[in-house]
Structure formats: C-alpha cells, structure tokens
Amino acid sequence: MNKPFIKICGITNIKDAALATSLNVNSLGFNMYEKSARYIPKEKVQEIIGELPENTIPVMVFVDPTFDYVRSCLDISPKIIPQFHGKETQEFCSSFGREYIKAVRVSRKEDLELGSQNYSNAWMILFDSYINNQFGGTGQVFDWNFFKGQNIDKDYLVAGGLNADNVLKAITSTLCKGIDVSSGVESSPGIKDLEKMEKLIKIINESHG
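Numbering (the numbering used here) for the sequence shown: 20 to 228.
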C-alpha cells in the first residue's frame with residue numbers, strides 16, 4: 020500500500036520546519052498571503068529552505084497574487100512549487116514554468132470534477148473546505164461523501180480540519196493521494212505541536228506499512 024503524501028502547511032519558523040522534516044513529511048507549506056495568521060515573509064522562507072533536506076518539497080501558498088509577487092518569491096529557489104488558493108486561472112497558474120498545486124474550496128459535489136477539469140495541467144489539486152473569506156487553515160471538515168462515485172482524473176490532496184482522529188477516515192473516504200494539514204497539528208495559529216504531528220504521522224505510517 021502506497022504511503023500517502025504528507026504536507027504540513029502554515030510553517031512560520033525554522034524550529035517547526037526541522038520538527039516536521041525529522042518526521043519525514045513530503046512537503047512543507049509556507050503562506051505568502053499577508054492577511055493570513057500564518058503569513059511568513061519570503062526572506063524567512065529563504066532561510067528555512069536553505070536548511071531543508073533535499074527530498075522535502077517547499078510549497079508557497081498564494082491567494083490572488085500579482086504575477087510579479089509570485090515571481091519574486093519563486094526566485095528564492097528553483098525547488099519551490101507554488102500553490103494557488105484564490106480565483107487564479109489555469110493560464111496564470113501555469114505561467115511560471117513550474118509544477119503547481121491548485122486549491123479548490125469545496126461546498127458541493129460538483130466542485131470536485133469542475134476543479135480537476137479547470138486545472139487539468141496542475142501537478143495536484145488540493146480539495147479544501149469552503150469557508151467564506153478563509154483560504155486554508157479553516158479547521159473545518161467538508162463532506163467526504165462528495166467523493167463517492169466521482170472519477171477524478173488527477174492526483175489530489177485533501178485538507179480541512181484534519182487531525183490524528185480523522186485522518187485515516189479522510190484518506191479511505193476520499194481515495195486521495197495525500198493530505199495537507201495545518202491547524203490540526205498546531206498549539207496556536209502558526210505554531211506547530213510536535214506531539215500532534217508525531218501522532219498523526221504515526222497513525223498514517225502504521226496503517227500504510
């Protein structure tokens with residue numbers, strides 16, 4: 020059984036990045052959206068990326084950014100993959116010459132198929148909870164029953180209210196390639212909790228051994 024792809028999002032400091040990578044997660048997410056409680060300046064991201072293991076994928080999260088802002092952030096490292104969480108078009112998302120992740124906020128079953136069709140050249144789709152004026156880190160689960168009978172021709176991650184108590188159900192209910200977790204492994208917004216991260220990752224590893 021393939022081990023799910025694990026992305027820890029909302030990293031704001033080098034200590035949390037080191038803790039997460041010590042647990043062999045696949046990817047770390049950095050929120051470049053200034054209105055987010057988990058916002059991190061690009062200079063700080065550059066410092067953290069310099070300390071990451073070679074196999075850890077750094078992802079920068081944007082919400083309706085300008086082209087120039089994204090470009091200036093991506094110039095930090097060729098390893099960075101952008102993730103777009105707003106109303107960006109496929110043309111915009113693919114204009115940076117890199118693989119990208121497109122977040123689709125889900126409020127109805129149809130959003131799943133539409134999201135994967137509208138961003139057919141994305142590296143992966145990230146299905147997240149739809150909460151008005153909130154772009155990730157909602158701490159709320161959406162209805163995983165939406166995935167029943169769906170044929171999504173794209174690798175996708177699931178996010179929204181995930182934690183050690185529900186992550187296995189999320190994986191089995193949605194048949195996702197992996198998970199993206201932020202608030203479910205935090206002690207406060209932007210501050211990760213080692214015990215919560217360890218517990219969640221141990222549960223995933225033991226069930227996909």
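By construction, the Cβ of each residue, glycine as well, lies at the ideal position given by its N, Cα and C atoms.
Distance check for residue j and residue i, CA to CA, integer angstroms please.
{"i": "residue 38", "j": "residue 76", "result": "15 angstroms"}
{"i": "residue 188", "j": "residue 101", "result": "28 angstroms"}
{"i": "residue 178", "j": "residue 199", "result": "5 angstroms"}
{"i": "residue 139", "j": "residue 104", "result": "16 angstroms"}
{"i": "residue 185", "j": "residue 192", "result": "10 angstroms"}
{"i": "residue 220", "j": "residue 108", "result": "33 angstroms"}
{"i": "residue 169", "j": "residue 141", "result": "19 angstroms"}
{"i": "residue 110", "j": "residue 136", "result": "13 angstroms"}
{"i": "residue 159", "j": "residue 201", "result": "11 angstroms"}
{"i": "residue 213", "j": "residue 95", "result": "28 angstroms"}
{"i": "residue 62", "j": "residue 89", "result": "14 angstroms"}
{"i": "residue 64", "j": "residue 98", "result": "12 angstroms"}
{"i": "residue 41", "j": "residue 148", "result": "28 angstroms"}
Measuring CB to CB, does residue i end up less than 7 angstroms from residue j?
{"i": "residue 112", "j": "residue 51", "result": "no"}
{"i": "residue 197", "j": "residue 23", "result": "yes"}
{"i": "residue 57", "j": "residue 180", "result": "no"}
{"i": "residue 166", "j": "residue 125", "result": "no"}
{"i": "residue 203", "j": "residue 224", "result": "no"}
{"i": "residue 59", "j": "residue 85", "result": "no"}
{"i": "residue 83", "j": "residue 54", "result": "no"}
{"i": "residue 78", "j": "residue 48", "result": "yes"}
I'd like the span of the beta strand (DSSP E) that includes residue i, first residue to last.
{"i": "residue 145", "result": "143-148"}
{"i": "residue 175", "result": "175-178"}
{"i": "residue 79", "result": "76-81"}
{"i": "residue 96", "result": "Segment: none, residue 96 is in no beta strand (DSSP E) and carries neither H nor E."}
{"i": "residue 7", "result": "Outside the displayed range of the chain (20 to 228) lies residue 7, so it cannot be described from this structure."}
{"i": "residue 137", "result": "Segment 129-137 is the alpha helix (DSSP H) holding residue 137; no beta strand (DSSP E) there."}
{"i": "residue 44", "result": "Run containing residue 44: none; DSSP gives neither H nor E here."}
{"i": "residue 24", "result": "24-27"}
The alpha helix (DSSP H) spanning residue i covers which residue range?
{"i": "residue 183", "result": "Here residue 183 belongs to no alpha helix (DSSP H), and DSSP marks it neither H nor E."}
{"i": "residue 202", "result": "Here residue 202 belongs to no alpha helix (DSSP H), and DSSP marks it neither H nor E."}
{"i": "residue 140", "result": "Unbroken run through residue 140: none, as it is neither H nor E."}
{"i": "residue 113", "result": "Per DSSP, residue 113 belongs to no alpha helix (DSSP H) and is neither H nor E."}
{"i": "residue 17", "result": "A query on residue 17 cannot be resolved here, the shown segment of the chain reaching from 20 to 228 and no further."}
{"i": "residue 222", "result": "213-226"}
{"i": "residue 63", "result": "61-68"}
Cutting at 6 angstroms between CB atoms, please list the residues of its own chain near residue i, excluding the five before and the five after it.
{"i": "residue 35", "result": "211"}
{"i": "residue 215", "result": "204"}
Please return the same chain residues whose Cβ sits closer than 8 angstroms to the Cβ of residue i, not counting the five positions on each side in sequence.
{"i": "residue 176", "result": "24, 26, 120, 143, 144, 145, 146, 195, 196, 197, 198, 199"}
{"i": "residue 222", "result": "183, 186, 187"}
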